[in-house]
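Take a look at the structure set out below.
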Amino acid sequence: MEKLVTVSRVDLHYGGPPVIHHVSFDGEAGQLIGLVGPNGAGKTTLLLALSGQFRPAGGEIYCFGQDIYLQNLLYKKQISYVHESPFFYNHLTVIESLQFIARIKHVNNQSADEQIERLLQAGSLEKERNKLTSQLSFGMRKKLAIIAALMGNPRIIFLDEALNGVDIESSFTIKELLKAYVKEGGLVFLSTHIVEIVEKLCDRYLVLKNGELIADRPAAKGVADLEQELLRLFHRTEDC
Numbered sequence: 000m001e002k003l004v005t006v007s008r009v010d011l012h013y014g015g016p017p018v019i020h021h022v023s024f025d026g027e028a029g030q031l032i033g034l035v036g037p038n039g040a041g042k043t044t045l046l047l048a049l050s051g052q053f054r055p056a057g058g059e060i061y062c063f064g065q066d067i068y069l070q071n072l073l074y075k076k077q078i079s080y081v082h083e084s085p086f087f088y089n090h091l092t093v094i095e096s097l098q099f100i101a102r103i104k105h106v107n108n109q110s111a112d113e114q115i116e117r118l119l120q121a122g123s124l125e126k127e128r129n130k131l132t133s134q135l136s137f138g139m140r141k142k143l144a145i146i147a148a149l150m151g152n153p154r155i156i157f158l159d160e161a162l163n164g165v166d167i168e169s170s171f172t173i174k175e176l177l178k179a180y181v182k183e184g185g186l187v188f189l190s191t192h193i194v195e196i197v198e199k200l201c202d203r204y205l206v207l208k209n210g211e212l213i214a215d216r217p218a219a220k221g222v223a224d225l226e227q228e229l230l231r232l233f234h235r236t237e238d239c
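Quick note: the sequence shown uses numbering that gives the first Met the number 0, first residue 0, plus one each step.
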């Protein structure tokens, strides 16, 4: 598969000690990569850096062969980012929100209409199309955020705890949307603390602790085995 992202010895800090220290890895098309770690491990900070929102103090992040901070605007046109608590304008309906996002992404009207109809169906939000976003449940807002992220066919999607607090039905729909996107050659980075999501959804997972990358492994084991493996990794680094 095509290599889309290369991270080389990246350091990130907020004016004090490094939040991320000398982290390096690659990301390929057709992968769903989980970022795993305890609270404060640096998962969100790393996602912000990968998505061009937080310039590293050291190291480099390359995408499509170019430094993302030298081609920042061009890079951001090819990616999407979903925050843990997605924001929508409460006075807009679901379909108006998607039309607004399509305009921001410079998707032409005909293509936008086609994408919106397809994504509403795939996201099981057809019946909510004329509802105000303020009337949506938490799970529906998460689904809408994923659908919005898929508008314009981005090459990479960054998800910060996208399945946190989501009901079973919405969780299933989101997983199916992401699987289909990755199958078509997209790349997803997903931060999560839910081991089952890593085991069932991710192809690979990166383990962060205290700002350092302590493991980069395929997600091929059962939930119990994976949970035990993560615990061993965390305790092993504490004992070092």
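Note that CB positions come from ideal geometry on N, CA and C, so glycine has one too.
Legend entry - Whole runs of the alpha helix (DSSP H) within the stretch 79-130, excluding any shorter than 4 residues: 93-103 and 108-121
Next on the checklist: I'd like the list of long-range same chain contacts for E125, defined as Cβ closer than 6 Å, with 5 residues on each side in sequence excluded.
Outcome noted: Reading the sequence shown from its first residue, position 126 is the one you call residue 125. Excluding sequence neighbours, E125 sits near L119.
| query | In three-state terms, what does DSSP make of C239? | reply | Here residue 239 refers to the residue found at position 240 when the sequence shown is read from its first residue. Low local confidence applies: a pLDDT of 44 at C239 is under 50, so the model's placement there is unreliable, with the coordinate-based value given in what follows. Here C239 sits in coil by DSSP.
**Report entry** Extent of the continuous alpha helix (DSSP H) run through S23
**Finding:** Here residue 23 refers to the residue found at position 24 of the sequence shown. That residue, S23, is in no alpha helix (DSSP H); its beta strand (DSSP E) goes P17 to E27.
_Output needed for R154: all residues of its chain with C-beta closer than 7 Å, excluding positions within five of it in sequence on either side, in chain order._
If you number the sequence shown from 1, residue 154 lands on position 155. Closer than 7 Å at Cβ, skipping near neighbours: L3, Q77, I78, G185 and L186.
Inset, instruction - Quick one: grab the DSSP three-state call for S50. - result: What you label residue 50 is simply residue 51 of the sequence shown in a count that begins at 1. Three-state DSSP puts S50 in coil, outside helix and strand.
Please report the Cβ distance between G26 and I32, rounded to the nearest whole angstrom; I am assuming they are in contact, meaning their Cβ atoms lie under 8 Å. Taking the sequence shown and counting its residues from 1, the one referred to as residue 26 is at position 27. Taking the sequence shown and counting its residues from 1, the one referred to as residue 32 is at position 33. Confirmed, Cβ separation roughly 6 Å.
Quick check: what's the CA-CA separation for L11 versus I193? Here the question's residue 11 lines up with position 12 in the sequence shown. Here the question's residue 193 lines up with position 194 in the sequence shown. Their backbone Cα atoms lie some 25 Å apart in a straight line.
Who does I60 pair with in a DSSP beta bridge? Your numbering for residue 60 matches position 61 in the sequence shown. BP columns for I60 point to V6.
| Can you tell me whether E198 is buried or exposed, with buried defined as 16 or more other CB within 10 angstroms of its CB? | Here residue 198 refers to the residue found at position 199 when the sequence shown is read from its first residue. E198 comes out buried.
task: Could you name the residues that DSSP lists as bridge partners for K208?
output: Along the sequence shown, one-based indexing puts residue 208 at 209. E211.
_On the DSSP letters alone, give me the boundaries of the alpha helix (DSSP H) that G138 sits inside._
The residue labelled residue 138 in the question sits at position 139 within the sequence shown. F137 to L149 is the extent of the alpha helix (DSSP H) around G138.
message: Taking only three categories from DSSP, how would you classify D159?
response: Residue 159 sits at position 160 when you count from the first residue of the sequence shown. In the structure shown, D159 sits in a strand (DSSP, three-state: E or B).
Residue from Y13, G122 and G36 with nearest C-alpha to L229: Locating residue 229 in the sequence shown gives position 230, counting from the first residue. Taking only the C-alpha atoms, the option nearest L229 is G36.
Continuous beta strand (DSSP E) stretch holding I32: start and end:
In the sequence shown, counting from the first residue as 1, residue 32 sits at position 33. I32 -> beta strand (DSSP E) spans L31 to V35.
**Study point:** Terminal residues of the beta strand (DSSP E) in which L200 lies
**Key:** On the sequence shown, position 201 is the one that residue 200 refers to. Where L200 is concerned, there is no enclosing beta strand (DSSP E), although the alpha helix (DSSP H) it sits in stretches over V194 to L200.
- List the DSSP bridge partners of T191. By 1-based counting over the sequence shown, the position of residue 191 is 192. DSSP lists V35 as partners of T191.
Q. Assuming A161 and L189 make a contact with CB atoms under 8 Å, what is their CB distance in whole Å?
A. Here the question's residue 161 lines up with position 162 in the sequence shown. Here the question's residue 189 lines up with position 190 in the sequence shown. Sure, about 6 Å apart at Cβ, within 8 Å.
* How long is the line joining the alpha carbons of A219 and F233, rounded to whole angstroms? -> Position 220 of the sequence shown, counted from the start, is the residue given in the question as residue 219. Position 234 of the sequence shown, counted from the start, is the residue given in the question as residue 233. One C-alpha to the other measures close to 19 Å.
| message | Going by DSSP in three states, D166 sits in which element: helix, strand or coil? | response | Residue numbering aside, residue 166 sits at position 167 when the sequence shown is read from its first letter. Three-state result, D166: coil.
Discussion item. Give me the DSSP bridge partner(s) of P217.
Written reply: In the sequence shown, counting from the first residue as 1, residue 217 sits at position 218. DSSP lists R203 as partners of P217.
Self-check item: Proximity to H105 [Cα-Cα], best of L212, P16, D166 and G151
Solution: Position 106 of the sequence shown, counted from the first residue, corresponds to residue 105. Residue G151 is the option with its Cα nearest to H105.
Own chain residues within Cβ distance below 6 Å of G138, not counting five before or after: Locating residue 138 in the sequence shown gives position 139, where the first residue counts as 1. Closer than 6 Å at the Cβ level, and outside the excluded window around G138, lie V165, D166 and S169.
Problem - According to DSSP, residues forming a beta bridge with H12 - result: Along the sequence shown, one-based indexing puts residue 12 at 13. Answer is P17, bridged to H12.
Review point. Going along the chain, which residues of its own chain have a beta-carbon closer than 7 Å to the beta-carbon of G39, five neighbours each way excluded?
Key: For the purposes of this step, residue 39 is identified with residue 40 of the sequence shown, where counting begins at 1. Excluding positions up to five away in sequence, the list is empty.
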